[in-house]
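J.: Sharing a structure below in structure tokens format, with a few things to ask.
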Amino acid sequence: MDKKAEPISTLFEAITQPLPEATLLISDEGLVVSVNHAALRLLRTSHEDVCGLAITRQVLDDKNKVVRYLKNCSRAGDLVVGSLTWRGLNGENIPCRSEGAALRHSLANNHAYVLLRLIPKSKSVGQFLSL
Numbered sequence: 037m038d039k040k041a042e043p044i045s046t047l048f049e050a051i052t053q054p055l056p057e058a059t060l061l062i063s064d065e066g067l068v069v070s071v072n073h074a075a076l077r078l079l080r081t082s083h084e085d086v087c088g089l090a091i092t093r094q095v096l097d098d099k100n101k102v103v104r105y106l107k108n109c110s111r112a113g114d115l116v117v118g119s120l121t122w123r124g125l126n127g128e129n130i131p132c133r134s135e136g137a138a139l140r141h142s143l144a145n146n147h148a149y150v151l152l153r154l155i156p157k158s159k160s161v162g163q164f165l166s167l
């Protein structure tokens with residue numbers, strides 16, 4: 037793990053591990069910094085297989101759309117709703133409603149992070165939006 041992300045990653049894990057919602061921490065470079073247990077179950081993967089990789093390598097959506105979505109999330113004070121289709125461990129598609137927002141904390145060492153919550157399409161209530 038990147039040394040600059042260790043304090044914020046530790047805080048993220050302490051807060052999100054008990055949550056039932058799939059939650060990821062994305063760095064300002066678009067790398068997955070940390071995930072909670074619910075995200076690992078949803079994406080059918082391991083911490084080692086997802087953390088440290090670019091989010092654009094793990095989703096099936098157009099790279100430019102994903103980058104634009106993350107930028108919107110990093111600038112917003114409220115949750116930004118979108119959708120991302122993740123690549124499952126066995127190659128299956130996992131479409132999800134995504135809700136992302138900027139995470140700013142003194143432990144972030146002036147780096148921007150995006151807190152990303154994923155809701156499987158099958159459990160998403162209301163309108164399922166595309167990027």
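Position one of the sequence shown corresponds to residue 37 (my numbering), numbered consecutively onward. Even glycine gets a Cβ: it sits at the ideal position worked out from N, Cα and C.
Can you tell me which residues form a DSSP beta bridge with P131?
T.: To locate residue 131, count along the sequence shown from 1; it is residue 95. Beta-bridge pairing links P131 to T121.
J.: I need the DSSP call for R140, collapsed to helix, strand or coil.
T.: Locating residue 140 in the sequence shown gives position 104, where the first residue counts as 1. In the structure shown, R140 sits in coil (DSSP, three-state: anything other than H, G, I, E or B).
J.: Alpha carbon to alpha carbon, how far is W122 from I51? Give it in angstroms, no decimals.
T.: Position 15 of the sequence shown, counting from 1, holds the residue named residue 51. Position 86 of the sequence shown, counting from 1, holds the residue named residue 122. The straight-line gap from Cα to Cα measures roughly 24 Å.
J.: Starting from the Cα of R153, find the closest Cα among S70, T46 and L47 and give me that residue.
T.: Your numbering for residue 153 matches position 117 in the sequence shown. When each option's Cα is compared against that of R153, the closest is S70.
J.: What's the call for K46, buried or exposed, on a 16-neighbour Cβ count within 10 Å?
T.: Along the sequence shown, read from residue 1 onward, the residue named residue 46 stands at position 10. Note on residue identity: the sequence assigns Thr, not Lys, to residue 46. That one is exposed.
J.: In the DSSP assignment, what residue or residues form a beta bridge with I62?
T.: Numbered from its first residue, the sequence shown carries residue 62 at position 26. DSSP output for I62 lists V68 and V150 as bridge partner(s).
J.: Determine the DSSP secondary structure at P54, reduced to helix, strand or coil.
T.: Residue 54 sits at position 18 when you count from the first residue of the sequence shown. Coil.
J.: For I155, which of helix, strand or coil comes out of DSSP?
T.: Position 119 of the sequence shown, counting from 1, holds the residue named residue 155. Correct three-state label for I155: strand.
J.: If distances are taken between C-alpha atoms only, which option among G124, E57, P56 and K101 comes closest to V86?
T.: If you number the sequence shown from 1, residue 86 lands on position 50. The shortest Cα separation from V86 among G124, E57, P56 and K101 belongs to G124.
J.: The alpha helix (DSSP H) spanning R111 covers which residue range?
T.: One-based indexing of the sequence shown puts residue 111 at position 75. From DSSP, the alpha helix (DSSP H) with R111 extends over K99 to R111.
J.: According to the neighbour-count rule (16 or more other Cβ atoms, all chains shown, within 10 Å of its Cβ), is S4 buried or exposed?
T.: Because the chain is modelled from 37 through 167, residue 4 falls outside the range shown and cannot be assessed.
J.: Verify whether the separation of the beta carbon atoms of I91 and V116 is less than 8 Å.
T.: Here residue 91 refers to the residue found at position 55 of the sequence shown. Here residue 116 refers to the residue found at position 80 of the sequence shown. The answer is no: Cβ separation not under 8 Å.
J.: With 16 as the cutoff for other CB atoms within 10 Å, does L120 come out buried or exposed?
T.: Here the question's residue 120 lines up with position 84 in the sequence shown. So L120 counts as buried.
J.: When the Cα atoms are used, what is the spatial distance from T30 to R133?
T.: With the chain running from 37 to 167 in the structure shown, residue 30 is simply not present.
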